[in-house]
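Structure first, commentary second.
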Amino acid sequence: MAQKVLIVEDDGNIAELLHLYLEKEGFETKVAKDGGKGVEYFRSFQPDLVLLDIMLPIMDGWTVLKKIREEGSTPVIMLTAKGETEDKVTGLEGGADDYIVKPFEMKEVLARIHAVLRRTGQEEEQGEKKLSFDKLVINLDSYELLVDGKRVDTPPKELELLYHLAASPNRVFTRNQLLDEVWGFDYFGDSRTVDVHIKRLREKLEGVSDQWRLKTVWGVGYKFEVSPANGAG
């Protein structure tokens, strides 16, 4: 069965190019020309991935992204002419999986789509993905983070990053390793992406327990540090 991509883009030429190219590559696509239709088609079309522009009529891309994240963990790639660092950070913090700046090559878009879908497919094929520590439960099966017994809203990529670190307690990961292993080996981002997500996770987890912490190893990267008596459950 063909994988489905929802294209939310108000520029007719770009939308048509993406539609034709992705259909030629074997995807099933649907195009929404405004944010309102984007949300409507997301619910009815049930895509495997969303290509989402920011500057949209009716409802902007940030609002569409928020609504998508309220309903699940479907991968979202932001597709926009806005290339400023602040916009990239906003997208990543809002739960976007990747960010492509116009103008772009179709081959680059295809590579990023495959990277995200490959990662998602690998997760679906594996068994239970749930880790427990003192006052902390990381559940990738339900995409939930429980802190001291309470559910904490967490964008999918933040949760995946935390799970990846916590699955190997006390192991130090470089930023490039985390980009490769969490975002996918052909991710085109930079190391600041990791720093942004770590910062947001720390805001959620600060002071919860003295049995574990997200630790910066200066000049190297990050690790999920746990006390000897508190291994993953």
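Each residue of the sequence shown is one higher than the one before, counting from 1 in the working numbering. All C-beta atoms, glycine included, are put in the ideal place defined by N, C-alpha and C.
- Query: Where G9 and E40 are concerned, what is the direct C-alpha to C-alpha distance, given to the nearest angstrom?
  - Reply: If you number the sequence shown from 1, residue 9 lands on position 9. If you number the sequence shown from 1, residue 40 lands on position 40. Sequence inspection shows Glu at residue 9; the Gly mentioned does not correspond to that position. So the alpha carbons of these two residues sit roughly 14 Å apart.
- Message: Suppose only complete runs of 4+ residues qualify. What are the alpha helix (DSSP H) ranges in the segment 1-72, listed by chain order?
- Response: 12-24, 35-45 and 61-71
- In angstroms, rounded to a whole number, what distance separates the CA positions of N170 and L161? In the sequence shown, counting from the first residue as 1, residue 170 sits at position 170. In the sequence shown, counting from the first residue as 1, residue 161 sits at position 161. Answer to the nearest angstrom: the Cα atoms are 15 Å apart.
- Tell me, to the nearest whole angstrom, how far the beta carbon of E144 is from that of R151; I am working on the premise that it is less than 8 Å. Here residue 144 refers to the residue found at position 144 of the sequence shown. Here residue 151 refers to the residue found at position 151 of the sequence shown. 6 Å between Cβ atoms; contact.
- Neighbour-count burial assignment, E125, 16 or more Cβ in a 10 Å radius: Taking the sequence shown and counting its residues from 1, one reaches residue 125 at position 125. Here the model assigns E125 a pLDDT of 48, short of 50, so the residue's position is not dependable and the matter cannot be decided.
- In chain order, which beta strand (DSSP E) runs of at least 3 residues are fully inside the segment 202-230? 212-217 and 221-226
- Task: Find the nearest neighbour of S73 within the set I58, V208 and V116, judged by alpha-carbon distance.
- Result: In the sequence shown, the residue the question calls residue 73 occupies position 73. Of I58, V208 and V116, the residue nearest in Cα terms is V116.
- Message: Suppose the cutoff is 6 Å on Cβ atoms and the five residues either side in sequence are ignored; what does the same chain contact list for N139 look like?
- Response: Locating residue 139 in the sequence shown gives position 139, counting from the first residue. So the list reads K130, once near-sequence residues are dropped.
- Residues near A81 in its chain [Cβ-Cβ closer than 6 Å; skip 5 each side]: One-based indexing of the sequence shown puts residue 81 at position 81. Correct list, in chain order: K102.
- Item | Endpoints, beta strand (DSSP E) assigned at L131 | Start at 1 with the first residue of the sequence shown, and residue 131 comes out as number 131. Segment K130 to F133, the beta strand (DSSP E) holding L131.
- Query: Cβ of I77 within 9 Å of Cβ of L110?
  - Reply: Translated into positions along the sequence shown, residue 77 becomes position 77. Translated into positions along the sequence shown, residue 110 becomes position 110. No.
- Query: Straight-line CA distance for E16 to I100?
  - Reply: Here residue 16 refers to the residue found at position 16 of the sequence shown. Here residue 100 refers to the residue found at position 100 of the sequence shown. Each residue's Cα considered, the two are about 17 Å apart.
- Query: Which partner residues does V76 have in the DSSP bridge list?
  - Reply: Position 76 of the sequence shown, counting from 1, holds the residue named residue 76. Per DSSP, V50.
- Query: Residues in its own chain within less than 8 Å of D48 by CB, not counting five upstream and five downstream?
  - Reply: In the sequence shown, counting from the first residue as 1, residue 48 sits at position 48. Here the set comprises Q3, K4, V5, T74, P75, L117 and T120.
- Item | Close beta carbons around S227, own chain, < 6 Å, minus the five adjacent residues each side | Start at 1 with the first residue of the sequence shown, and residue 227 comes out as number 227. Result list for S227: Q211, in chain order.
- Close beta carbons around M55, own chain, < 8 Å, minus the five adjacent residues each side: The residue given as residue 55 occupies position 55 in the sequence shown. The answer, listed in chain order, is D10, G61, T80, A81 and K82.
- Are the beta-carbon atoms of F104 and L165 separated by less than 9 Å? In the sequence shown, the residue the question calls residue 104 occupies position 104. In the sequence shown, the residue the question calls residue 165 occupies position 165. Not in contact: F104 and L165 (Cβ atoms no closer than 9 Å).
- Item | Own chain residues within Cβ distance below 8 Å of S191, not counting five before or after | In the sequence shown, counting from the first residue as 1, residue 191 sits at position 191. Excluding sequence neighbours, S191 sits near R175, N176 and L179.
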